[in-house]
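Working notes, structure below.
Listed below in structure tokens is the structure:
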């Protein structure tokens, strides 16, 4: 740490870290120090151990199994996602790359991920986000909130879908499930929205991304279920691709769940119960897309049309290799979506 710093106070606590504001006499600016919470690794491990024991007891009864039978299969994935924040060198490296990706101009608004300055042991020094917490702006100036969040959501959705001016062709591709208005600060005067805390962001491969898209389409019933099951059985979810892991009937039951995210959690549990595992980056991507869906509806910038165009284009591109299957997928998409969301309408 620089000599002569002056601690100004605690800015807040996250799942794994605390944010400390300090004055840096070298830069003559207030900065933020992100530091792990005391003994957080052991505390987290003990919390998950106690939760596993609790679920073992509760699900031993028929009533408990009916209510929470899916939960034990989720714990491993949840724990791995939380543990992403404990690898501080990786968190710092990811933060540096994500700051480059998300630093964009959208219309009148500038979207900026705060810059990380230095990693010192487990301590990360970074830029302080200026402006007012987005949640407070939402209450006081809802129109400003919508403008700023539309810009941020547009940049985030572009990256999740590998589109836009700073796509996966230029930068590594990340999935982030944890973007919300509690991680945004709005400087209305400078037309800038600052984003903070990408601690659970994770690099995602092309295959993990494709699995995510298959799951989103499957759970929203915009893909032929037979094709979906075939692709999921052939993916890295299945430890033995020669032996099918999922059946069409199992997936159809999950498709009937009205809430796609509840259906996704049930799918994660099903995969775990059968010896499979959905990659953590895929989980982060699917949850990230859902975050944008919910936020988009709230701020008047729904992403369903964008998803429809992306999925339709995937089906068209696949025609050369799988003409029958891709045609069925495209038909399933067109049947499911309202006319106003279709590509070209």
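In this note's numbering, the protein residues as written are 11 to 355.
Every residue, glycine too, gets a C-beta built ideally from N, C-alpha and C.
Computed from a prediction, not measured in an experiment: that's the story for all the values here.
Alpha carbon to alpha carbon, how far is residue j from residue i? Give it in angstroms, no decimals.
i, j, result
"residue 111", "residue 271", "27 Å"
"residue 298", "residue 83", "20 Å"
"residue 58", "residue 172", "34 Å"
"residue 163", "residue 239", "31 Å"
"residue 49", "residue 263", "42 Å"
"residue 13", "residue 35", "8 Å"
"residue 192", "residue 148", "11 Å"
"residue 79", "residue 44", "37 Å"
"residue 32", "residue 124", "16 Å"
"residue 201", "residue 122", "11 Å"
"residue 71", "residue 278", "22 Å"
"residue 190", "residue 306", "11 Å"
"residue 98", "residue 143", "25 Å"
"residue 30", "residue 266", "46 Å"
"residue 106", "residue 290", "21 Å"
"residue 167", "residue 134", "27 Å"
"residue 126", "residue 73", "49 Å"
"residue 114", "residue 194", "15 Å"
"residue 146", "residue 245", "44 Å"
"residue 42", "residue 102", "14 Å"
"residue 53", "residue 216", "34 Å"
"residue 223", "residue 22", "34 Å"
"residue 100", "residue 69", "37 Å"
"residue 140", "residue 16", "19 Å"
"residue 165", "residue 20", "29 Å"
"residue 314", "residue 67", "41 Å"
"residue 88", "residue 237", "28 Å"
"residue 317", "residue 311", "13 Å"
"residue 269", "residue 91", "22 Å"
What three-state label does DSSP hand residue i in the structure shown?
i, result
"residue 129", "strand"
"residue 62", "helix"
"residue 230", "coil"
"residue 267", "coil"
"residue 147", "helix"
"residue 214", "coil"
"residue 314", "helix"
"residue 36", "coil"
"residue 331", "Confidence is the limiting factor: at residue 331 the pLDDT is only 49, short of 50, which leaves the residue's position unreliable, though a coordinate-based value still follows. In this structure, residue 331 counts as coil in the three-state DSSP scheme."
"residue 244", "coil"
"residue 185", "strand"
"residue 17", "strand"
"residue 31", "strand"
Can the beta-carbon of residue i be found less than 8 Å from the beta-carbon of residue j?
i, j, result
"residue 221", "residue 292", "yes"
"residue 154", "residue 214", "no"
"residue 309", "residue 160", "yes"
"residue 169", "residue 198", "no"
"residue 243", "residue 249", "no"
"residue 75", "residue 65", "no"
"residue 183", "residue 211", "no"
"residue 203", "residue 158", "yes"
"residue 40", "residue 128", "no"
"residue 247", "residue 288", "yes"
"residue 118", "residue 294", "no"
"residue 235", "residue 261", "yes"
"residue 232", "residue 96", "no"
"residue 46", "residue 108", "no"
"residue 61", "residue 77", "no"
Which first and last residues belong to the alpha helix (DSSP H) in which residue i is found?
i, result
"residue 24", "No alpha helix (DSSP H) contains residue 24, which DSSP labels as neither H nor E."
"residue 69", "Unbroken run through residue 69: none, as it is neither H nor E."
"residue 1", "Because the chain is modelled from 11 through 355, residue 1 falls outside the range shown and cannot be assessed."
"residue 302", "290–309"
"residue 83", "82–93"
"residue 158", "152–170"
For residue i, report the span of its beta strand (DSSP E) as first-last.
i, result
"residue 44", "39–46"
"residue 121", "119–123"
"residue 198", "That residue, residue 198, is in no beta strand (DSSP E); it is neither H nor E in DSSP."
"residue 202", "202–205"
"residue 116", "114–116"
With a cut-off of 8 Å, does the C-beta of residue i fall near any C-beta of chain D?
i, result
"residue 216", "Checking the listed chains, one finds no chain D in this structure; it contains a single protein chain."
At least 3 beta-carbon pairs within less than 8 Å: the segment 215–230 vs the segment 273–282: yes
Given 8 Å, three or more beta-carbon pairs between the segment 55–69 and the segment 19–36: no
The segment 248–263 touching the segment 278–293, judged by at least three CB pairs closer than 8 Å: yes
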